[in-house]
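Take a look at the structure set out below.
Number of protein chains: 2
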Amino acid sequence: MSDSTPLENDLLLRALLRQPTERTPVWMMRQAGRYLPEYRASRARAGSFLDLCKNTELACEVTLQPLERFRLDAAILFSDILTIPDAMGLGLYFAAGEGPKFERPLRDERAIRALSAPDPADELHYVTDAVRLIRRELRGRVPLIGFTGSPWTLATYMIEGGSSKNFAHSKALLYDRPDLMHHLLGVVAEAVTAYLNAQIEAGAQALMIFDTWGGVLTPETYRTFSLDYAKRIISGLHRERDGREIPVVFFTKNGGPWLEAMAESGAHGLGIDWTQNLGDARRRVGHKVSLQGNLDPSVLYASPGTIREKVAETLASYGSGTGHVFNLGHGIHPEIPPEHAGAMIEAVHELSPAYHQEAIEQPV
Amino acid sequence: MSDSTPLENDLLLRALLRQPTERTPVWMMRQAGRYLPEYRASRARAGSFLDLCKNTELACEVTLQPLERFRLDAAILFSDILTIPDAMGLGLYFAAGEGPKFERPLRDERAIRALSAPDPADELHYVTDAVRLIRRELRGRVPLIGFTGSPWTLATYMIEGGSSKNFAHSKALLYDRPDLMHHLLGVVAEAVTAYLNAQIEAGAQALMIFDTWGGVLTPETYRTFSLDYAKRIISGLHRERDGREIPVVFFTKNGGPWLEAMAESGAHGLGIDWTQNLGDARRRVGHKVSLQGNLDPSVLYASPGTIREKVAETLASYGSGTGHVFNLGHGIHPEIPPEHAGAMIEAVHELSPAYHQEAIEQPV
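Now the structure itself:
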């Protein structure tokens, strides 16, 4: 089912494609999340976190919650990055206060060789159902962003069986058996490509690939075991739907040293964390990609007055012209008062038009 | 008391000062630690981790343990990075499985204004006692490295009351009250300077400043709130003892993007983590500093054959000539089999002389 309602606000899509906009669009990673009391209420009704992800109506509800509160320029699908390994049969669960876990982590060659990419129409229909419902409920207000974890990031969870600090098993496999690690990443990349294309078919209007753990690799292994698979995925995605291009944002946390290489990934935009100066990042990637970021999420612990100052500095750092999507440099922390997030968003609305005068007067 | 026994092996000191050496010296961050069964036995005898740090004989014992097993080119004082805040009265303790905690974290301006730099001869004599004993027991075999946490790193623990993920309180203070954060860092920097000078007086022959949490800052706040205080400390240190220069190594974990600025800190050497290519880092810092690093500590989860290959790659990445101290890119992980550490160290002994032919033939 296609929803071809014209978008009332397509700032995000235009900025990601480096087209002129009248101001800088803004959204927040994890904007549907624990810092919102209404999210915590929905979560309590759902039961577990995973129940919330798998309940189409509730996933839609929490996706839309931040849009009711804040003048955001995008919705992002509420889901988990580990839906694919779960669909592959690894048994995802969430232990209280401990983050995601797998019942059957990959610890031998046989288990890795036995994996195959799941059909998204089969095991992952709850995700595409949610995308369709959210699109309907959004009624064209703002675009909907779909997302995935990167193959390397998913593989670390699949091998370690959960979050990790030192990545003992995944690093041992990568260094001792690069052939087997490449086999695993190939299967995961195939699954991710099909998954993102299914999200596009269901109505996702932009995509994000979260490479949460790419930054724990060396420069050489980052390229071979993370970036190359992001490239493979991006080259396999549908480029447009309903006549509009689907921009893809690739985000490697702590990937700052490798921006030049990331800019060659085929992604339209790159996520930038706060350890980079946005102006420097822009000079390094040239006109190849748009940039999304990069306020230190911990700035939101400070007062609204300080938050406004730091938004001003971030906008000034990027400078004039198109190609910037304002965001935090990582997901919003659960303890942030919602009004602090609001102060950030309002500051972007108020302060960013000054950086788009030329773009509007002299459209490229 | 001075110990002027000539050093049998001064490779570390020469390499840090960029003087010719016949091979690349090697040591490991956290080489005295949990991966060694003999360390775990000493720790069990001591009682708590803090008891071990404060017991001069046991601190000396565990400092020397890795030298009995491996052909290491340096000893590093066994201690904790949080001895200074403890001496300032914050009440350091270690909750089982939870890392360091403070009984009285800094949460208001009054508490911060009340702090003063402790006299190392008074509250911290257990550290200088250990330095003196270790020097005596080392009998000139290899140099002894003293160390400290950086002011920013110490301040985060003092404010948060322990380890942190998002640095809520310290970031809020930094952003909302930069004046107060600078006051705190000034007092801590004064304390660190006196502490390191006391370690030099007691016999430390090289020093390391661990800026474990500098990498969570933005480029701008890194310079103002971390790097500037490292500079201030280094400029206040005694430059030599017993006629030998005391080299200082500054290490910011995830500081790779800022190496050029770190090379201007006054440090003789920079610690490099594994997210940087060592050859690139060398080109970026030129002849200003030596480099210490940078094998991914998780390479030691792999097999000895793979470890040897990765040592070879690291040595090749730095290339020929002096100025390289081989180390891991971060502390050795507690689960590493000791023989894997041994494989790394032996590979450095065996493979590194080839990179020092010219240095010996044509001394600078």
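Those protein sequences? They're chains D and S, same order as listed. Each residue of the first sequence is one higher than the one before, starting from 11 at the first, in the working numbering. Each residue of the second sequence is one higher than the one before, starting from 11 at the first, in the working numbering. Cβ atoms here follow ideal geometry from the backbone N, Cα and C, with glycine treated the same way. Note that this is a predicted model, so its numbers are computed, not measured.
Residue i to residue j span [Cα, whole Å]
i	j	result
S/H343	D/P30	50 angstroms
S/V141	S/G150	13 angstroms
S/R294	S/T332	16 angstroms
S/P110	S/M98	15 angstroms
D/D139	D/A85	16 angstroms
S/R120	S/L154	39 angstroms
D/S89	D/T158	9 angstroms
D/E78	D/E170	38 angstroms
S/F235	D/H359	30 angstroms
S/E230	D/D290	12 angstroms
D/G276	S/G329	33 angstroms
S/P347	S/I219	27 angstroms
S/R33	S/L325	11 angstroms
S/E183	D/L82	The amino acid occupying residue 183 of chain S in the given sequence is Leu; Glu does not appear at that position. S/L183 and D/L82: Cα-Cα distance of roughly 28 angstroms.
S/R146	S/A271	37 angstroms
D/S313	D/L305	14 angstroms
D/L227	S/T15	43 angstroms
S/R114	S/T73	30 angstroms
D/I210	D/G107	33 angstroms
Residues that residue i contacts on chain S, provided the C-beta gap is smaller than 7 angstroms
i	result
D/K111	Under the 7 angstroms cutoff, chain S gives no residues; its nearest Cβ is about 18 angstroms from D/K111.
D/Q215	Residues of chain S passing the Cβ test: none, with the nearest at roughly 31 angstroms.
D/A353	The premise fails here: D/A353 is roughly 13 angstroms from chain S at the closest Cβ pair, so nothing lies under 7 angstroms.
D/T316	Y185 and D186
D/W162	The premise fails here: D/W162 is roughly 14 angstroms from chain S at the closest Cβ pair, so nothing lies under 7 angstroms.
Neighbourhood of residue i by C-beta distance below 6 angstroms, restricted to the same chain and skipping five residues each side
i	result
S/Q302	V259, G279, G281, V335 and N337
S/T285	G266
D/L217	G156, L206 and V258
Per-residue burial, residue i [other beta carbons within 10 Å of its own, 16 or more giving buried]
i	result
D/K175	exposed
D/T262	buried
D/S12	Low local confidence applies: a pLDDT of 48 at D/S12 is under 50, so the model's placement there is unreliable, with the coordinate-based value given in what follows. Under this definition D/S12 is an exposed residue.
S/P47	exposed
S/T93	buried
D/H297	exposed
D/V374	Only weak support exists for where D/V374 lies, its pLDDT of 44 falling under 50; the coordinates are left without a value.
D/A208	buried
S/E71	buried
D/H248	exposed
S/D189	exposed
D/A54	exposed
D/Q95	According to the sequence displayed, residue 95 of chain D carries Pro and not Gln. Buried, because 16 or more other Cβ atoms sit within 10 Å of the Cβ of D/P95.
D/P130	buried
D/G225	buried
S/P307	buried
S/D283	buried
S/D221	buried
S/A201	buried
Extent of the continuous beta strand (DSSP E) run through residue i
i	result
S/T158	L154 to G159
D/H334	H334 to L338
D/D221	A216 to D221
D/V198	Not the beta strand (DSSP E): D/V198 falls in the alpha helix (DSSP H), residues P188 to A212.
D/P110	G109 to F112
S/A291	That residue, S/A291, is in no beta strand (DSSP E); its alpha helix (DSSP H) goes L288 to V295.
Same chain only: Cβ atoms within 7 angstroms of residue i, ignoring 5 sequence neighbours per side
i	result
S/Q372	Model confidence at S/Q372 stands at a pLDDT of 49, short of 50, so the residue's coordinates are unreliable and nothing is read from them.
S/P76	Q41, A42, L46 and L82
Under 7 angstroms from the C-beta of residue i: neighbouring residues of chain D
i	result
S/A182	Y311 and A312
S/K64	Ordered by position in chain D, no residue passes the 7 angstroms Cβ test against S/K64, which lies about 27 angstroms from the chain.
8 angstroms Cβ cut-off: residues of chain S touching residue i
i	result
D/A178	S308, Y311, H343 and E345
D/T228	W284, T285, N287 and D306
D/P115	What D/P115 touches in chain S: nothing, since even the nearest Cβ is about 15 angstroms away.
Span of the alpha helix (DSSP H), counted from its first residue to its last, around residue i
i	result
D/T138	H135 to L148
D/S52	P47 to A56
D/Y103	No alpha helix (DSSP H) holds D/Y103; the beta strand (DSSP E) holding it covers L102 to A105.
S/H315	Just to set this straight, residue 315 of chain S is Gly in the shown sequence, not His. Unbroken alpha helix (DSSP H) run through S/G315: P314 to Y328.
Own chain residues within Cβ distance below 8 angstroms of residue i, not counting five before or after
i	result
S/L27	E255, P257, H278 and S300
Within chain D, partners of residue i - CB distance below 9 angstroms
i	result
S/G225	N264 and T285
8 angstroms Cβ cut-off: residues of chain D touching residue i
i	result
S/K320	Y185
S/P267	G266, P267, T285 and Q286
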